Amino acid sequence: MKFVPGFLAAVAISGVISVSAAAAEQPITVTVDQQKLNLSSSAPVKDQGSILVPMRPIFEKLGLTLVWNSKTGTITASKEGLTITLQLGSKKATVNGTVKQLATAPKMVNNVTYVPLRFVGEATGKSVVWNAKANSVEIKSSLNSADDKGISKLFDQYVSYSNKEDYEGFISLIDPKSPLAAAATAFKEQMAAYDVTTTISRMDIIDIKEKEATVDVVETTERTGGAFIPNSTAEYIYSLTKNDSGSSWLISNVQIQAVQYSLPAGALEAKITVPAADEEQIKAVLQANTDYTNKEDLTGVLSTIDESSPAYKLSGQTYKQLFNSYDLESKLESSKVIYYNDNEAAIYAVMTTKKLKGPQFTDNRGETVTTVKKSADGKWKLVQTYSLSVKPLTN
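Positions -23 to -1, 1 to 372 (mature numbering (1 follows the signal peptide of the UniProt record, and there is no 0)) are the ones given, in order, by the sequence shown.
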């Protein structure tokens, strides 16, 4: 969603500064028309965002006859009126002779041939739905075409209005009775502040009823101008409702499942002009935040965060929990101001964090970018930190 990285994310994922946690993933399960696919001998795997499964169980479950040519690495699956051909290592496949581009190529895993599940399911005319919460893939017979088209139209309009910065058009897609409607002013402010391009790379209808639907969407936003915000790829679960006349779908709620931030192209290499005094203060407030965190000085930590930030109150709660659970040591290895515009800036940083005491914790090196703001008294303070990457430290 165009505004999530700067606004709804602060509400939906707490806007917490420099604190993150990941739960252990459940095994991936696959169902075909509510029947679980038996993959006990060879589990599904993730590859560059795609799910791959062993070829034989999925083709047979979908009623296709499989022919495997081990010499050429060619897979041919067919039934009346349909022939699918894939090849190991190739991102090109054919459906009834028409060439299709694959997101991920078939590959061999432990001497078992794996194929991209979404492509296979959709090639047979079924819908393929990724349920992030359950870590499962549901392959279903085609949905009601009118509702399917209506939901696709909603998200086409959503992308179009977002990229055109058409506020009235965008708000017309929000259910006026939903909690999102109350955020209209904030949407308008963010539309004025940020320039980003939004694209949707995946849309799965998880559930659909007469007047309600649940849709899993993966969106990418890229900054093109305006105030600084990192690029993002995020997965959202949208709740939809029909309008009063029942003629079209509206957005009634949205929940963030996962988000990955990245720097706009060239941001680290770009040469920007920053007054020396401001650059020194911006780096100093980030260092102060790190020092106060190491001392577990909550008052000091909060003194480095802008009071108007959505993260301010929540950060107090989060840091208090962190200090009660862990004794950590963070070290700021490097930092660089990558955006500056009078009273606003963004600073990229590399930091290590090591556990001294507490429950299980993986020592790590993380890359972040933090937006900062100059207050009325001329002091720079942190607004929001976005995690770009976290890697375990190796001895």
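C-beta: ideal position from N, C-alpha, C; glycine also.
Fair warning: this is a prediction, and the values are worked out from it, not measured in the lab.
Determine which residues share a DSSP beta bridge with residue i and list them.
{"i": "A322", "result": "Y317, V349"}
{"i": "R342", "result": "T329, K368"}
{"i": "V44", "result": "T53"}
{"i": "P31", "result": "Y91"}
{"i": "Q237", "result": "T210"}
{"i": "Y269", "result": "Y269 is not bridged to any residue."}
{"i": "residue 376", "result": "With the chain covering only -23 through 372, there is no way to say anything about residue 376."}
Of all the options the options, which has the alpha carbon lying nearest to the alpha carbon of residue i?
{"i": "G259", "options": "G202, L227, D319", "result": "Correcting the residue type first, residue 259 is Ile in the shown sequence and not Gly. With distances taken between Cα atoms, I259 lies closest to D319."}
{"i": "A247", "options": "V278, Y317, Y289, K308", "result": "Y317"}
{"i": "A244", "options": "A254, G202, T270, T267", "result": "G202"}
{"i": "V349", "options": "Y363, L157, Y296, N301", "result": "Y363"}
{"i": "F96", "options": "T329, I116, A161", "result": "I116"}
{"i": "Y138", "options": "S118, D172, S113", "result": "D172"}
{"i": "A163", "options": "K356, F147, T176", "result": "F147"}
{"i": "E196", "options": "D133, T276, V92", "result": "D133"}
{"i": "Y58", "options": "L305, N46, S17, A100", "result": "With the sequence shown as reference, residue 58 is identified as Gly, and Tyr is not the correct amino acid for it. For G58, the nearest C-alpha among the options comes from A100."}
{"i": "V44", "options": "Y135, T53, N88, S178", "result": "T53"}
{"i": "D125", "options": "T51, L217, L39", "result": "L217"}
{"i": "E166", "options": "A204, I185, T175, P153", "result": "A204"}
{"i": "S55", "options": "L63, S27, G277", "result": "L63"}
{"i": "K69", "options": "S47, P93, N87", "result": "P93"}
{"i": "Q25", "options": "T75, P31, A82", "result": "A82"}
Are the CB atoms of residue j and residue i within a distance shorter than 9 Å?
{"i": "E256", "j": "V314", "result": "yes"}
{"i": "D181", "j": "S229", "result": "no"}
{"i": "L299", "j": "A326", "result": "no"}
{"i": "A20", "j": "P34", "result": "no"}
{"i": "L275", "j": "E306", "result": "no"}
{"i": "V360", "j": "I249", "result": "no"}
{"i": "S178", "j": "T198", "result": "no"}
{"i": "Y213", "j": "I185", "result": "no"}
{"i": "K84", "j": "L14", "result": "no"}
{"i": "S113", "j": "T6", "result": "yes"}
{"i": "Y91", "j": "V22", "result": "yes"}
{"i": "L240", "j": "L365", "result": "yes"}
Go ahead and pull the three-state DSSP assignment for residue i.
{"i": "N140", "result": "helix"}
{"i": "N88", "result": "coil"}
{"i": "S259", "result": "First, the amino acid is wrong: residue 259 is Ile here, not Ser. I259 falls in the helix class under three-state DSSP."}
{"i": "N301", "result": "helix"}
{"i": "A163", "result": "helix"}
{"i": "S229", "result": "strand"}
{"i": "K23", "result": "strand"}
{"i": "A(-3)", "result": "Because the pLDDT of A(-3) is 36, which lies under 50, any placement of that residue in the model is unreliable, and the question is left without a value."}
{"i": "T101", "result": "coil"}
{"i": "K295", "result": "Residue 295 is actually Thr in this sequence, not Lys. Residue state, collapsed to three classes: helix."}
{"i": "A123", "result": "helix"}
{"i": "M(-23)", "result": "Residue placement at M(-23) is flagged as unreliable, the pLDDT there being 42, under the threshold of 50; a coordinate-derived value is accordingly withheld."}
{"i": "N73", "result": "coil"}
{"i": "Q3", "result": "coil"}
{"i": "I249", "result": "coil"}
Grab the span of the alpha helix (DSSP H) containing residue i for me, first residue to last.
{"i": "A82", "result": "Where A82 is concerned, there is no enclosing alpha helix (DSSP H), given that its DSSP letter is neither H nor E."}
{"i": "T276", "result": "275 to 280"}
At a threshold of 8 Å, does residue i count as lining the ligand HEM (C-beta to nearest heavy atom)?
{"i": "L150", "result": "Judged by which ligands are present, the structure shown has none, so any question about the ligand HEM falls away."}
Looking at the secondary structure, which residues open and close the beta strand (DSSP E) in which residue i lies?
{"i": "V195", "result": "189 to 203"}
{"i": "K186", "result": "No beta strand (DSSP E) contains K186, which DSSP labels as neither H nor E."}
{"i": "I116", "result": "113 to 117"}
{"i": "T6", "result": "6 to 9"}
{"i": "I61", "result": "59 to 64"}
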